[in-house]
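K.L.:
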Amino acid sequence: GYPSPLNYHFFPKSCCTSVNEVICHGIPDSRKLEDGDIVNIDVTVYYKGVHGDLNETYFVGNADEASRQLVQCTYECLEKAISIVKPGVRFREIGEVINRHATMSGFSVVKSYCGHGIGELFHCAPNIPHYSSLYHAFQPHIFYIQKSFYFMDNGQLLR
Numbered sequence: 001g002y003p004s005p006l007n008y009h010f011f012p013k014s015c016c017t018s019v020n021e022v023i024c025h026g027i028p029d030s031r032k033l034e035d036g037d038i039v040n041i042d043v044t045v046y047y048k049g050v051h052g053d054l055n056e057t058y059f060v061g062n063a064d065e066a067s068r069q070l071v072q073c074t075y076e077c078l079e080k081a082i083s084i085v086k087p088g089v090r091f092r093e094i095g096e097v098i099n100r101h102a103t104m105s106g107f108s109v110v111k112s113y114c115g116h117g118i119g120e121l122f123h124c125a126p127n128i129p130h131y132s133s134l135y136h137a138f139q140p141h142i143f144y145i146q147k148s149f150y151f152m153d154n155g156q157l158l159r
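In UniProt numbering, the protein residues as written are 1 to 159.
(1) Tell me the DSSP secondary structure of C15 in three-state form.
(2) Could you give the first and the last residue of the continuous alpha helix (DSSP H) run that contains I38?
(3) C16 and H25: beta carbons closer than 7 angstroms?
(4) Who does P3 pair with in a DSSP beta bridge?
(5) Is it buried or exposed for G103, if we count other Cβ within 10 angstroms and need 16 for buried?
(6) With a floor of 3 residues, list each beta strand (DSSP E) that falls wholly inside the stretch 91 to 124, ordered by position along the chain.
(7) Since V97 and I84 are thought to touch, with beta carbons under 8 angstroms apart, how far apart are those beta carbons, to the nearest angstrom?
(8) Please classify E56: does DSSP put it in a helix, a strand, or coil?
(9) So is S112 buried or exposed if we call it buried at 16+ other beta carbons inside 10 Å?
(10) Identify, in the order they occur along the chain, each residue of the same chain with its Cβ nearer than 6 angstroms to the Cβ of N55, setting aside the five sequence neighbours on each side.
(11) If I follow the unbroken alpha helix (DSSP H) through L70, where does it start and stop?
(12) Quick one: Cα of V109 to Cα of E120, how far?
(13) Mind checking P87: buried by the 16 CB within 10 Å criterion, or exposed?
(14) Which word fits A125, buried or exposed, when buried means at least 16 other C-beta atoms lie within 10 angstroms of its C-beta?
(15) To the nearest angstrom, how far is the alpha carbon of N7 from that of Y75?
(16) Using alpha carbons as the reference points, say which of V50, C73, A66, S14 lies closest to G36.
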């Protein structure tokens, strides 16, 4: 297999590592991880004509409760979204489920990122927003629901 991110739109590394405030697609560097950090590792491989994408979020040492709640909420949103996916479900319904749960949990979705199609192309249609939007109905397809959230305290981005 070949690392899909490497040189994709000039991306300089073979995987993405997003630490703390970096929402997604962070560039790995020599920064030392510290106790309490959150790190998401995103690996995509091109193999036998298709791309496969996987990411996982980890805590370094002892993460604070707010960080743990944020990561837990992203998993819950993902599970809720997956549970309603079937032919005929509108993309906006998936976004509504994600946004509703995130909001009820005290978080906000990042509207500049979305889930996306994957397969023969690395990023392709359909785009699946994490909020209600005027998108088409789901047709049989392979796509990826991106976990991208942050939380607010009096309107300020914390992590």
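For each residue, glycine too, the CB sits at the ideal point set by N, CA and C.
The structure displayed is predicted, hence computed values, not measured ones.
P.N.:
For this structure:
(1) Here residue 15 corresponds to residue number 15 of the sequence shown, with the count starting at 1. It is coil, neither helix nor strand.
(2) Here residue 38 refers to the residue found at position 38 when the sequence shown is read from its first residue. Careful: I38 lies outside any alpha helix (DSSP H), inside the beta strand (DSSP E) at 38 to 47.
(3) In the sequence shown, residue 16 corresponds to position 16, counting from 1. In the sequence shown, residue 25 corresponds to position 25, counting from 1. Closer than 7 angstroms, so yes.
(4) Translated into positions along the sequence shown, residue 3 becomes position 3. Looking at the DSSP assignment, P3 forms a beta bridge with V45.
(5) Mapped onto the sequence shown, residue 103 falls at position 103. A quick correction: the sequence has Thr, not Gly, at residue 103. Exposed, because fewer than 16 other Cβ atoms sit within 10 Å of the Cβ of T103.
(6) 107 to 109, 114 to 117
(7) Along the sequence shown, read from residue 1 onward, the residue named residue 97 stands at position 97. Along the sequence shown, read from residue 1 onward, the residue named residue 84 stands at position 84. At roughly 6 angstroms, the Cβ-Cβ gap stays under 8 angstroms, so V97 and I84 are in contact.
(8) As a position in the sequence shown, residue 56 is number 56, starting the count at 1. Here E56 sits in strand by DSSP.
(9) The residue given as residue 112 occupies position 112 in the sequence shown. By the neighbour-count rule (16 or more Cβ atoms within 10 Å), S112 is not buried but exposed.
(10) For the purposes of this step, residue 55 is taken as the residue at position 55 of the sequence shown. Same-chain partners within the cutoff: N40, D42.
(11) As a working mapping, residue 70 is identified with position 70 in the sequence shown. Per DSSP, L70 belongs to the alpha helix (DSSP H) from 65 to 84.
(12) Stepping through the sequence shown from its first residue, residue 109 is reached at position 109. Stepping through the sequence shown from its first residue, residue 120 is reached at position 120. About 28 angstroms.
(13) Residue 87 sits at position 87 when you count from the first residue of the sequence shown. The residue in question, P87, is exposed, as its Cβ has fewer than 16 Cβ neighbours within 10 Å.
(14) What you label residue 125 is simply residue 125 of the sequence shown in a count that begins at 1. Under this definition A125 is an exposed residue.
(15) In the sequence shown, residue 7 corresponds to position 7, counting from 1. In the sequence shown, residue 75 corresponds to position 75, counting from 1. Between N7 and Y75, the C-alpha separation is close to 29 angstroms.
(16) Within the sequence shown, numbered from 1, the residue matching residue 36 stands at position 36. Ranking the options by Cα distance to G36, first place goes to A66.
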